[in-house]
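*Asks:*
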Amino acid sequence: EPEVTQTPSHQVTQMGQEVILRCVPISNHLYFYWYRQILGQKVEFLVSFYNNEISEKSEIFDDQFSVERPDGSNFTLKIRSTKLEDSAMYFCASSLGTSSYNEQFFGPGTRLTVL
Amino acid sequence: AQSVAQPEDQVNVAEGNPLTVKCTYSVSGNPYLFWYVQYPNRGLQFLLKYITGDNLVKGSYGFEAEFNKSQTSFHLKKPSALVSDSALYFCAVRAANAGNNRKLIWGLGTSLAVNP
């Protein structure tokens, strides 16, 4: 069964450094998403991406964040200058996109630790 | 504002007994409702969804959920719990009238422990 994959599973970085989190969505999916979950808190939406552009973003997704689909398979989240409060589990998801109620399929997550 | 509440942090049930994990929501207009499960060190796995129609929806692993519009609830149920059902369960919602904005709003999650 096809699945969303994410790398790395755990990333440790120093405050102020740039990180890139990588995701390979399910191949025939059209919508891509990033969510994050700070320990003990709710899963929060960051951004959705469709047709090579951002479809929607939350107030968390400020200028420090960017997303890219550099080729036909990868979907990346870049944090330019990490802050301590960026420490969280980051989940990538994808959905078919043919209907607005298509369920989203999630990857296993990348745990980002900012020191 | 849209929101989801899962009033129980933890639910404990004996194997073989029925289980219920509660979820209530707040959204403008009609909701699309989802349940996901998370096993340790794994991603969020889709269980089932309510879009429209029959209020009782059936999903993976014998789970079902009942949509109750008047109570704005979407409780997850299973007639006979298994130890392997022990995991973290998340309820999520989005408004049906949100157009192409597809972000999901999540509850805090409920930890289900099924005791042998």
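Chains as they are written, first to last, in my numbering: chain A, 39 to 153; chain B, 217 to 332.
A virtual CB, placed ideally from N, CA and C, is assigned to each residue, including glycine.
All of these numbers come straight from a predicted model, not from anything done at the bench.
1) Counting only C-beta atoms, is ALA131/A closer than 9 Å to chain B at any point?
2) Between the segment 309-332 of chain B and chain A, which residues of the former have CB atoms less than 9 Å from a CB of the latter, in chain order?
3) In whole angstroms, give me the CA-to-CA distance for ARG118/A and GLN55/A.
4) Could you name the residues that DSSP lists as bridge partners for LYS219/B?
5) For SER104/A, which residues from the same chain have a beta carbon less than 7 Å from its beta carbon, with the 5 sequence-adjacent residues on both sides left out?
6) Do you know how far the Cα of ASP101/A is from the Cα of GLU282/B?
7) Opposite ILE117/A in the DSSP bridges: which residues?
8) For the beta strand (DSSP E) that ASN331/B lies in, which residues bound it at each end?
9) ALA165/A and LEU260/B: beta carbons closer than 9 Å?
10) Determine, using beta carbons only, whether TYR73/A and PHE144/A come nearer to each other than 9 Å.
11) Which residues, in order along the segment 251-275 of chain B, keep a beta-carbon less than 8 Å from a beta-carbon of chain A?
12) Measure the beta-carbon distance from PRO247/B to TYR241/B and round it to whole angstroms, keeping in mind my assumption that it falls under 8 Å.
*Replies:* Inspection of the coordinates gives the following:
1) By this cut-off, ALA131/A is an interface position.
2) ARG310, ALA312, ALA314, GLY315, ASN316, ASN317, ARG318, LYS319, LEU320, ILE321, TRP322, GLY323, LEU324, GLY325
3) 7 Å
4) Inspection of the sequence shows that residue 219/B is occupied by Ser rather than by Lys. SER219/B is bridged to SER242/B.
5) LYS116
6) C-alpha of GLU282/B to C-alpha of ASP101/A: approximately 41 Å in a straight line.
7) VAL57/A, PHE103/A
8) DSSP places ASN331/B inside the beta strand (DSSP E), whose first and last residues are 326-331.
9) One cannot answer for residue 165/A here, as it falls past the ends of chain A, which runs 39 to 153.
10) yes
11) TYR252, ASN257, ARG258, GLY259, LEU260, GLN261, PHE262, LYS265, ILE267
12) 6 Å
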